[in-house]
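A.B. asks: One structure coming up, written as structure tokens, with questions to follow.
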Amino acid sequence: MWKLKVKEGLVNVKDENNMEIFDIEIINNGKIEKNKLFLSEIEDEINLKIEIERTIYFSKSDNIFDSVVELRKKLELNNIYLLCNASVINVYPSGMQKEFGGTKAYKLQMGKQAALSDVVDIFDYDSELKIGSVKEQEEFYENWIESLGK
Numbered sequence: 099m100w101k102l103k104v105k106e107g108l109v110n111v112k113d114e115n116n117m118e119i120f121d122i123e124i125i126n127n128g129k130i131e132k133n134k135l136f137l138s139e140i141e142d143e144i145n146l147k148i149e150i151e152r153t154i155y156f157s158k159s160d161n162i163f164d165s166v167v168e169l170r171k172k173l174e175l176n177n178i179y180l181l182c183n184a185s186v187i188n189v190y191p192s193g194m195q196k197e198f199g200g201t202k203a204y205k206l207q208m209g210k211q212a213a214l215s216d217v218v219d220i221f222d223y224d225s226e227l228k229i230g231s232v233k234e235q236e237e238f239y240e241n242w243i244e245s246l247g248k
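Quick note: to get my numbering, add 98 to the position in the sequence shown (first position is 1).
Now the structure itself:
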């Protein structure tokens, strides 16, 4: 049995094994390419897999966002970036968002507390936002936290 859900250009399919398949774009050495990202949940573990140029990249974590981060770290070693909100420098989830699966995160602004209106889906992509490395994203998050105390 197949379920098809389309939202803002992103196709999310669930196959009979309950594996979700996302159509996603990547930047591979400066070139934009279409690809598929495979997501499965085994017990409480989120597994992600993507195949690029005959190489399979795999990650796992207890929530989707952290699994995407682990996958991004591996991809970045080969100058590959996922074009989705999870790769945007100023997008980061709260602890509660991670506990509830990790598919939502906040679009953060320096000096401003995150609000419900700032919530984005990590697999959607806003081309107006800047894609960056995991390190850049973590640094932005730390700087954002510091900016709230000022």
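In this text, a Cβ means the ideal position worked out from N, Cα and C, and glycines have one as well. Note that the coordinates shown come from a computational prediction; the quantities given were computed from them, not determined experimentally.
Please specify which runs of the alpha helix (DSSP H), each continuous and at least 4 residues long, are wholly inside the stretch 117 to 202, giving them in chain order.
C.D. replies: Here the runs fully enclosed are 162 to 174, 193 to 197.
A.B. asks: Pick out whichever of Y239, D216, I220 has its Cα sitting closest to the Cα of L180.
C.D. replies: Comparing Cα positions, the closest option is I220.
A.B. asks: Could you say if the stretch 195 to 204 and the stretch 225 to 236 meet the contact criterion of at least three C-beta pairs nearer than 8 Å?
C.D. replies: Not touching, per the Cβ criterion.
A.B. asks: Go through its chain and collect everything with a Cβ distance to V167's Cβ below 7 Å, but skip five positions before and after it.
C.D. replies: Hits under 7 Å: V232.
A.B. asks: Report the residue from Y190, N116, N126, D224 whose alpha carbon sits nearest the alpha carbon of D164.
C.D. replies: Comparing Cα positions, the closest option is Y190.
A.B. asks: Can N133 and N177 be called in contact, C-beta distance under 9 Å?
C.D. replies: Going by C-beta atoms, N133 is not nearer than 9 Å to N177.
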